[in-house]
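Visitor:
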Amino acid sequence: DLQLFASEPDIINPIAMNWDEKGRLWVIETVDYPNTVKDNEGQGDDKVKILEDTDGDGKADKVTVFAENLNIPTSFAFYDGGIIISQAPQFIFLKDTDGDDKADVKEVLIDGWGTFDTHAGPSNLQNGIDNTIYGVVGYSGFEGSIYGQELNFKQNMYRFDPRKENFEVLTNTSNNTWGLGITEDNSLFASTANNTHSVFLGIPNKIMDGLVGIPAQGSLKIDGHYTMQPLTANIRQVDVFGGFTAAAGHHFYTARNYPRTYWNKVAFVCEPTGGLVHIAKIERDGAGYIEKDGGNLLASSDEWVSPVEAKVGPDGNVWVADWYNFIIQHNPTPNKDRGGYDAENGKGNAYVNPLRDKSKGRIWRVVPKNVGKEEILTLDRDTPDALVAALNNDNMFWRSTAQRLLVERQNTDVLPKLYKLANTPKLDALGMNPAALHALWTIDGLTDLNSDTEAYNVVKGGLYHPSAAVRKAAIQILPKNGTTDAAILDTNTLNDKSPSVRLAALLYFAERPASETAGKMLYGISQDKAIIEDNWLSKALYAAASSHADGFMGEYAKAHPGFDRKAAVEDKKQAVGFDDRDWKTIQLPQFIEDAGLEMDGIIWFRKNFNFNGGASSYISLGPIDDSDVVFINGQQIGATESDYARDRYYNIPNGLLKNGENTIAIRVEDTGGGGGIYGKPEQLFIRSGEKTVQLSGAWKYEVETDYGQSTNTTFGGVPIADFVAKNYSSVKTSAQDGSNTVDSEAAVITIKTVQNEMKYDITEFVVEAGQPVNLVLENVDFMQHNLVIIKPGTTDTVGSAADKLAMDPNGAELDYVPKMGEVLFATALVNPEQTVTLRFTAPTEPGMYPFICTFPGHWRIMQGVMKVVGSAL
3 DLQLFASEPD IINPIAMNWD EKGRLWVIET VDYPNTVKDN EGQGDDKVKI
53 LEDTDGDGKA DKVTVFAENL NIPTSFAFYD GGIIISQAPQ FIFLKDTDGD
103 DKADVKEVLI DGWGTFDTHA GPSNLQNGID NTIYGVVGYS GFEGSIYGQE
153 LNFKQNMYRF DPRKENFEVL TNTSNNTWGL GITEDNSLFA STANNTHSVF
203 LGIPNKIMDG LVGIPAQGSL KIDGHYTMQP LTANIRQVDV FGGFTAAAGH
253 HFYTARNYPR TYWNKVAFVC EPTGGLVHIA KIERDGAGYI EKDGGNLLAS
303 SDEWVSPVEA KVGPDGNVWV ADWYNFIIQH NPTPNKDRGG YDAENGKGNA
353 YVNPLRDKSK GRIWRVVPKN VGKEEILTLD RDTPDALVAA LNNDNMFWRS
403 TAQRLLVERQ NTDVLPKLYK LANTPKLDAL GMNPAALHAL WTIDGLTDLN
453 SDTEAYNVVK GGLYHPSAAV RKAAIQILPK NGTTDAAILD TNTLNDKSPS
503 VRLAALLYFA ERPASETAGK MLYGISQDKA IIEDNWLSKA LYAAASSHAD
553 GFMGEYAKAH PGFDRKAAVE DKKQAVGFDD RDWKTIQLPQ FIEDAGLEMD
603 GIIWFRKNFN FNGGASSYIS LGPIDDSDVV FINGQQIGAT ESDYARDRYY
653 NIPNGLLKNG ENTIAIRVED TGGGGGIYGK PEQLFIRSGE KTVQLSGAWK
703 YEVETDYGQS TNTTFGGVPI ADFVAKNYSS VKTSAQDGSN TVDSEAAVIT
753 IKTVQNEMKY DITEFVVEAG QPVNLVLENV DFMQHNLVII KPGTTDTVGS
803 AADKLAMDPN GAELDYVPKM GEVLFATALV NPEQTVTLRF TAPTEPGMYP
853 FICTFPGHWR IMQGVMKVVG SAL
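First residue of the sequence shown: 3, per my numbering; consecutive thereafter.
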């Protein structure tokens, strides 16, 4: 049943909601949104309201304004008897101290959140199981100081603890981020507005940053489908047509009123442009997860219905905040030459539209039929026994609320009961023990485990608990010290039967100082098939091994007689003295499949060349399908990950090239398609000033790994131990992206996007046939864009292929650039306020070569033409 709890005038434009310990609904009412951005004092017209049903008829009949004069608040979390509100540019703390349900304390906690676009700021504040507050932010980002730490980030998930004054940026996301989800067993998810409605956080930034040899990608797009399922064709979208272009929220079903198939397995992602709440079925996949289409929980043919948040309430049912507005899309601004009207942008960067409503709103409840009315608890921090008992409630809302209140009490009188709960081995229908899990985290919030021996031992006992979630929590809670190191090793947790527990243990050791014992243990499990074939476990083991390389490599050397770490460089395919006499010969450039190599996998190319150049040099290799690592004279000079269409240009460090013979080695990974170094002969060269050495022609090659004969592709088919040996054997590397390379003969073309209009500021530019071109794309818009140059007359063909690619789960990794011969040159996706340079050699055939943006839906509007004139002869 769909039940209406509240509507106007009680609530207008609800954007976020939560319940207090009395089960009362708190809602942010944002009539200012989207365009009113005031000064730092935040004096606007928005409010936080408390809505209550006092007569038990299921509808709100009492409204209390807790706080007013706010300006575009987007979310809030309960903390220390009050609430923390995200209201860019600040996070503020509001509290009622005299019991009248009206805030009389206001403090600024954090300042520096971006305000240039009001639908790309911070949002989704919520209390985490680990006693911190989580949130997300879009491309408006943050720049400033938090608790003495200088930070600058965009499009991210983060967490912070005002009590301990720490803040952590957890993981980058691909675009504007408006969703955050936490499961009952403390796995973390997010959703982004544009074509990535489900993201899993596997490894936080602090562990991925600085790893050699693999990309620093700790989160992964997991959504398994593109389309949403609206009930009406009358939907308004400006991109990602038919898909998720305004995805918001990722709250899990964490109660037990709904059927068992929902329990901790379903997330609710709102799509306001489609008037629906999507059911995202989240299924385990080793240490990670995948998402499948579960249809809709709620959908309407009423074009005003605009759900923006759906979450489990204190009654165990799902509540939905419905913005209820005919205009929900934020930008871009329509104008006459695009079939619209000349509209203006407000201060929050949303187009001003007279159809935007500032008077309506809805709060719905989705209640299963034939389910009795749920009794609403009332918790109080002054009744600790009731709080401890609530840690056993079958609704995570009450467990989390009780935990929060116990931690806020900061009274250790409840510890004996918490110890008893933590030691209870009983499992529920899902194989979990939520009471023990929350008891452990509550103990963490009330004690210092570095000095409280009894509390430490109770948490350490969690390593033996039959619930995987409790074992994982114990690893995450225990202080990082030698005693804990030994405990985790002694319990053999690195070999735990649960992939999520193994992941937590590996991540623990990734942050520990080098230990020979840990290194030996890590080497021992590096051959484990369960780790080798798991994306997250293999990455985590690699991260941990990098921290304990001496112990790891000592065991590696024992297993590989004759292995000499000091001589390892000389044994590598990139080394100058490597013996490639037995390698075969191939003519480059060409697709490897055209040369008869029908395979996907890793292939090495080597070539010796003579060069007497100057100090400033760079190499051009044209496009490479799909990834490459390039070495000159044994030193890495550049690498590109999963971008088959981008032309490769890398700077060569001064002094690296020798007068006389030099060696170039290229490791290429092909994951599909033709594969290899496939551009045009004139694109392969090394240049220093006016001197050029052509590299096209005969190269030596050897297949390192054929994926058709290997199940391990996480590290290119290479055993993890070998990959560690390759990257942590004192090999000197210097990655260069070539961004500072300037060719004096190149034509320099600068193109900007146009704010809010989905256009390039230049729709035609002219170059000479065969001329080097440096095309600078500056994205001043507030959405992601790219620039793809294609063959004449192929706009519809490439555009249609881009539309199909949008439905591919790997489309974002490919920058939405189709793999097809019609595509000549392409940039990566460029985030807002970022710039990229595309270097290529103009076609030798004169003509009109279109360029388009292939982000889903953009190509029909974002178009231009490159005019090639003259002759290359």
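Every residue, glycine too, gets a C-beta built ideally from N, C-alpha and C.
Only a predicted model underlies this, so the values are computations on that prediction, with no experimental measurement involved.
Taking only runs of the beta strand (DSSP E) that begin and end inside the segment 111-176, which ones reach a length of at least 3 residues, in chain order?
Guide: Listed in chain order, the complete beta strand (DSSP E) runs (minimum 3 residues) inside the segment 111-176 are 124-129, 135-139, 144-148, 151-155, 158-163 and 168-174.
Visitor: Helix or strand or just coil, what does DSSP make of residue 854?
Guide: In the sequence shown, counting from the first residue as 1, residue 854 sits at position 852. Strand, per DSSP.
Visitor: Based on Cα-Cα distance, which residue from 124, 80 and 83 lies nearest to residue 91?
Guide: By 1-based counting over the sequence shown, the position of residue 91 is 89. That would be 124, whose Cα lies nearest to the Cα of residue 91.
Visitor: May I ask you to report which of helix, strand or coil DSSP gives residue 290?
Guide: Numbered from its first residue, the sequence shown carries residue 290 at position 288. Residue 290: strand per DSSP, three-state reduction.
Visitor: Determine the DSSP secondary structure at residue 883, reduced to helix, strand or coil.
Guide: Residue 883 cannot be examined here, being either before or after the span of the chain that is shown, 3 to 875.
Visitor: Does residue 541 come out as helix, strand or coil in the three-state DSSP assignment?
Guide: By one-based count along the sequence shown, residue 541 stands at place 539. Reduced to three states, the DSSP call for residue 541 is helix.
Visitor: Can you tell me whether residue 156 is buried or exposed, with buried defined as 16 or more other CB within 10 angstroms of its CB?
Guide: Residue mapping note: residue 156 aligns to position 154 of the sequence shown, counting from 1. Classification of residue 156: buried, given that the 10 Å Cβ count is 16 or more.
Visitor: Work out the CA separation of residue 303 and residue 234 for me, nearest whole Å.
Guide: Sequence index remark: in the sequence shown, residue 234 carries index 232 (1-based). Sequence index remark: in the sequence shown, residue 303 carries index 301 (1-based). Taking the straight line joining both Cα atoms gives about 5 Å.
Visitor: What do you reckon, are the CB atoms on residue 851 and residue 794 nearer than 8 Å?
Guide: Residue numbering aside, residue 851 sits at position 849 when the sequence shown is read from its first letter. Residue numbering aside, residue 794 sits at position 792 when the sequence shown is read from its first letter. Yes, the pair counts as a contact, with Cβ atoms nearer than the cut-off.
Visitor: Any contact between the segment 165-177 and the segment 188-198? By contact I mean 3 or more CB pairs, one from each, below 8 Å.
Guide: With a cut-off of 8 Å, the segment 188-198 and the segment 165-177 count as touching, because enough Cβ pairs lie within range.
Visitor: Measuring straight from C-alpha to C-alpha, what distance separates residue 733 and residue 727?
Guide: Here residue 733 refers to the residue found at position 731 when the sequence shown is read from its first residue. Here residue 727 refers to the residue found at position 725 when the sequence shown is read from its first residue. Note that residue 733 scores a pLDDT of 35, beneath 50, so its modelled location is shaky; the value from the coordinates is reported in the next line. Distance between the alpha carbons of residue 733 and residue 727: 10 Å.
Visitor: Pop quiz: residue 36 and residue 120 are said to be a contact at Cβ under 8 Å. What is the actual Cβ separation, rounded to whole angstroms?
Guide: Looking up residue 36 in the sequence shown gives position 34. Looking up residue 120 in the sequence shown gives position 118. Rounded, the Cβ-Cβ distance is 5 Å, consistent with contact.
Visitor: Residues in its own chain within less than 8 Å of residue 830 by CB, not counting five upstream and five downstream?
Guide: Reading the sequence shown from its first residue, position 828 is the one you call residue 830. Correct list, in chain order: 645, 648, 788, 817 and 838.
Visitor: What are the residues that DSSP puts in a beta bridge with residue 317?
Guide: Locating residue 317 in the sequence shown gives position 315, where the first residue counts as 1. Bridge partners of residue 317: none, in fact.
Visitor: Go ahead and pull the three-state DSSP assignment for residue 650.
Guide: Taking the first residue of the sequence shown as position 1, residue 650 is located at position 648. Of the three classes helix, strand and coil, the one that applies to residue 650 here is strand, per DSSP.
Visitor: According to DSSP, is residue 806 helix, strand or coil?
Guide: Taking the first residue of the sequence shown as position 1, residue 806 is located at position 804. Helix at residue 806.
Visitor: Enumerate, from N- to C-terminal direction, the unbroken beta strand (DSSP E) stretches of 3 or more residues contained entirely within the segment 330-398.
Guide: Those beta strand (DSSP E) runs which fall completely within the segment 330-398 and span 3+ residues are 364-368.
Visitor: Could you check how far apart the C-beta atoms of residue 832 and residue 777 are, in whole angstroms? I think they sit under 8 Å.
Guide: The residue you call residue 832 lines up with position 830 of the sequence shown. The residue you call residue 777 lines up with position 775 of the sequence shown. With a Cβ gap of about 12 Å, residue 832 and residue 777 do not count as contacting.
Visitor: Note down, in chain order, each residue of its chain lying with its Cβ closer than 8 Å to the Cβ of residue 386, except the 5 sequence neighbours on either side.
Guide: As a first step, residue 386 is located in the sequence shown; it is residue number 384 there, counting from the start. Within the same chain, residue 386 has close Cβ partners 408, 411, 413, 415 and 416.
Visitor: Report the option in 432, 588, 466 and 261 whose CA atom is closest to the CA atom of residue 372.
Guide: By 1-based counting over the sequence shown, the position of residue 372 is 370. With distances taken between Cα atoms, residue 372 lies closest to 261.
Visitor: Identify whether residue 694 lies in helix, strand or coil by the three-state DSSP scheme.
Guide: For the purposes of this step, residue 694 is taken as residue 692 along the sequence shown, with counting starting at 1. It is a strand residue.
Visitor: What would DSSP say about residue 202, mapped onto helix, strand or coil?
Guide: In the sequence shown, the residue the question calls residue 202 occupies position 200. Residue state, collapsed to three classes: strand.
Visitor: Which runs of the beta strand (DSSP E), 3 residues or longer, sit entirely within the segment 211-275?
Guide: With a minimum length of 3 residues, the continuous beta strand (DSSP E) runs that stay inside the segment 211-275 are 221-223, 250-254 and 268-273.
Visitor: Once you ignore the five residues that flank residue 145 on each side, which residues in its own chain have a CB closer than 6 Å to its CB?
Guide: Within the sequence shown, the letter at position 143 stands for residue 145. Within the same chain, residue 145 has close Cβ partners 114 and 154.
Visitor: Rounded to whole angstroms, how far is the Cβ of residue 292 from the Cβ of residue 184, which I believe are closer than 8 Å?
Guide: Position 290 of the sequence shown, counted from the start, is the residue given in the question as residue 292. Position 182 of the sequence shown, counted from the start, is the residue given in the question as residue 184. About 18 Å separates the two Cβ atoms, so there is no contact after all.
Visitor: Please classify residue 514: does DSSP put it in a helix, a strand, or coil?
Guide: As a first step, residue 514 is located in the sequence shown; it is residue number 512 there, counting from the start. Coil at residue 514, not helix or strand.
Visitor: Does residue 548 come out as helix, strand or coil in the three-state DSSP assignment?
Guide: Reading the sequence shown from its first residue, position 546 is the one you call residue 548. Three-state result, residue 548: helix.
Visitor: Considering only residues of the same chain and omitting the five flanking positions on each side of residue 3, which have a CB-CB separation below 7 Å?
Guide: Along the sequence shown, one-based indexing puts residue 3 at 1. If we look at residue 3 and ignore the five residues flanking it on each side, its Cβ neighbours are 369 and 371.
Visitor: Any idea what DSSP makes of residue 100, helix, strand or coil?
Guide: Residue numbering aside, residue 100 sits at position 98 when the sequence shown is read from its first letter. In this structure, residue 100 counts as coil in the three-state DSSP scheme.
Visitor: Is the Cβ-Cβ distance between residue 296 and residue 283 less than 8 Å?
Guide: Within the sequence shown, numbered from 1, the residue matching residue 296 stands at position 294. Within the sequence shown, numbered from 1, the residue matching residue 283 stands at position 281. Yes, Cβ-Cβ distance for residue 296 and residue 283 is below 8 Å.
Visitor: Have a look at residue 781 and residue 753 and give me their C-alpha separation to the nearest angstrom.
Guide: Counting from 1 along the sequence shown, the entry for residue 781 is found at position 779. Counting from 1 along the sequence shown, the entry for residue 753 is found at position 751. Roughly 9 Å separates the two Cα atoms.
Visitor: Name the two residues that bound the continuous alpha helix (DSSP H) containing residue 534.
Guide: Sequence index remark: in the sequence shown, residue 534 carries index 532 (1-based). Unbroken alpha helix (DSSP H) run through residue 534: 531-534.
Visitor: Does the Cβ of residue 466 have 16 or more other Cβ atoms within 10 Å, making it buried, or fewer, making it exposed?
Guide: Taking the sequence shown and counting its residues from 1, one reaches residue 466 at position 464. Exposed, by the Cβ-count rule.
Visitor: Locate the beta strand (DSSP E) running through residue 25, then write down its first and last residues.
Guide: Here residue 25 corresponds to residue number 23 of the sequence shown, with the count starting at 1. Careful: residue 25 lies outside any beta strand (DSSP E) and carries neither H nor E.
Visitor: Taking residue 776 as part of the beta strand (DSSP E), name the residues at either end of that continuous run.
Guide: As a working mapping, residue 776 is identified with position 774 in the sequence shown. Start and end: 774-781.
Visitor: If I measure Cβ to Cβ from residue 330 and keep anything under 7 Å in the same chain, skipping five residues before and after, which residues do I get?
Guide: Along the sequence shown, read from residue 1 onward, the residue named residue 330 stands at position 328. Here the set comprises 248, 274, 275 and 308.
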